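Undergrad:
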Ligand SMILES: [Zn+2]
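Numbering (the numbering used here), first residue to last: 62 to 337.
#1: Determine whether the beta carbon atoms of residue 313 and residue 247 lie at a separation below 8 Å.
#2: So is the beta-carbon of residue 309 under 7 Å away from any non-hydrogen atom of ligand 1?
#3: Buried or exposed: residue 311, going by 16 or more other Cβ atoms within 10 Å of its Cβ?
#4: Flag this pair as touching only if the stretch 188–202 and the stretch 222–236 have three or more C-beta atom pairs under 8 Å; answer yes or no.
#5: Once DSSP output is grouped into helix, strand and coil, what is the label at residue 337?
#6: Shorter than 7 Å, the distance from the beta carbon of residue 261 to the closest heavy atom of ligand 1, or not?
#7: In the structure shown, what three-state DSSP assignment does residue 229 receive?
#8: Could you tell me the alpha carbon to alpha carbon distance between residue 323 and residue 157, rounded to whole angstroms?
#9: For residue 164, which residues does DSSP report across the bridge?
#10: Nearest to residue 257 by CA position, among 170, 164, 193, is which residue?
#11: Compute the minimum distance between the beta carbon of residue 209 and the heavy atoms of ligand 1, and state whether it is under 7 Å.
#12: What residues match up with residue 183 in a beta bridge as DSSP calls it?
#13: Can you check the stretch 276–326 for any beta strand (DSSP E) of at least 3 residues that lies completely inside it and give the ranges in chain order?
#14: So the alpha helix (DSSP H) residue 209 belongs to, where does it begin and stop?
#15: Do you know whose CA, among 163, 273, 308, lies nearest residue 251's CA?
#16: Let me know if residue 320 comes out buried or exposed under the rule of 16 or more other beta-carbons within 10 Å of its beta-carbon.
#17: Report back the beta-carbon spacing between residue 307 and residue 244 to the nearest angstrom; my notes put them in contact at under 8 Å.
#18: Taking only the alpha-carbon atoms, compute the straight-line gap between residue 264 and residue 291 and give it to the nearest angstrom.
#19: Would you say residue 181 touches ligand 1, meaning its beta carbon is less than 7 Å from a heavy atom?
#20: If you draw a straight line from the alpha carbon of residue 181 to that of residue 255, how long is it in whole angstroms?
#21: For residue 133, does the count of other Cβ atoms within 10 angstroms reach 16, so buried, or fall short, so exposed?
#22: What does residue 259 pair with, by DSSP beta-bridge criteria?
#23: Would the beta-carbon of residue 304 fall within 8 Å of that of residue 296?
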């Protein structure tokens, strides 16, 4: 009996001890899990605001703010997000491409050309308006013809080199000849003729491309009316410093009707239009 009683007490004590031990273990486990979870939670909540702040700063274009971001993986996201819309905004419309001594035509530039006869080609998108302009010019009793249109880079290179050689023959140094030639014939890669959007028009009654063209009835009509068809006199007499090219009262450039009208009415050149 004693043995049984002893055993019962002993059993109860053992059971109690086990229960306490389990309770302690469970409590400790809870505490550990709670601590671990709270650490993770704090880490996440700290990282998110830091990313947001950096993203805002990055969008204001300050690249020096990047090192403040602690999350290496997040950095690439932060850098890429603001760049996408900027790239899209900077893509120029086809009719507003700028080619001048300071702006070369992109190397990957391509254009769908259309043969307009006489050995000339232009951007297919301007053919209808160009034909209409030339047709109306003739209907007004004038006679003129297109004497230059789209040029390949090779063609432009040949024309430029010929011009340089002419200045050399006049006694100019190589450097001065290159500079002077560039004011009459655009350096290869910077000529509007390489875009397919420019044409030179010559009066049938004055077969020289010099300042005298402006006095012909044909050029007078074009200067007054070309904007109605989306063309501008690209190199006006008083804008050479902005265009980089001397006065050419025969070179017309397609920019579209709305843009041409604004340029005509304001008396500005294409570079000024793009600056506003
Ligand atoms: Zn030209």
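A virtual CB, placed ideally from N, CA and C, is assigned to each residue, including glycine.
Treat the numbers as computed from the prediction; the structure is a model and nothing was measured.
TA: To lay it out plainly:
#1: Not closer than 8 Å, so no.
#2: Checking the Cβ of residue 309 against ligand 1 gives yes.
#3: Answer is buried; the Cβ neighbour count reaches 16.
#4: No, the stretch 188–202 does not touch the stretch 222–236.
#5: It is coil, neither helix nor strand.
#6: Yes, since a heavy atom of ligand 1 falls inside the 7 Å radius drawn around the Cβ of residue 261.
#7: In the structure shown, residue 229 adopts helical secondary structure according to DSSP, grouped into three states.
#8: In this structure, the CA atom of residue 323 is about 13 Å from the CA atom of residue 157.
#9: Paired residue(s): 161.
#10: Minimum Cα-Cα distance from residue 257 among the listed residues 170, 164, 193 corresponds to 170.
#11: For ligand 1, a non-hydrogen atom lies closer than 7 Å to the CB of residue 209.
#12: Answer is 175.
#13: Secondary structure remark: continuous beta strand (DSSP E) runs of at least 3 residues inside the stretch 276–326, in chain order: 292–294, 312–315.
#14: Looking at the DSSP string, residue 209 is not in any alpha helix (DSSP H); the run it does join, the beta strand (DSSP E), is 205–209.
#15: That would be 163, whose Cα lies nearest to the Cα of residue 251.
#16: By the Cβ-count criterion, residue 320 is buried, with 16 or more other Cβ atoms from all chains shown falling within 10 Å of its own Cβ.
#17: Residue 307 to residue 244, Cβ: 5 Å. Contact.
#18: Going by the C-alpha atoms only, they are around 20 Å apart.
#19: Checking the 7 Å criterion, the Cβ of residue 181 is out of range of every heavy atom belonging to ligand 1.
#20: Linking residue 181 to residue 255 through their CA atoms gives a straight-line distance of about 12 Å.
#21: Note that residue 133 has pLDDT 41, beneath the 50 cutoff, so the model's placement of it is unreliable and the number below is only indicative. Exposed.
#22: Answer by DSSP bridge pairing, in chain order: 314.
#23: The beta carbons of residue 304 and residue 296 sit closer together than 8 Å.
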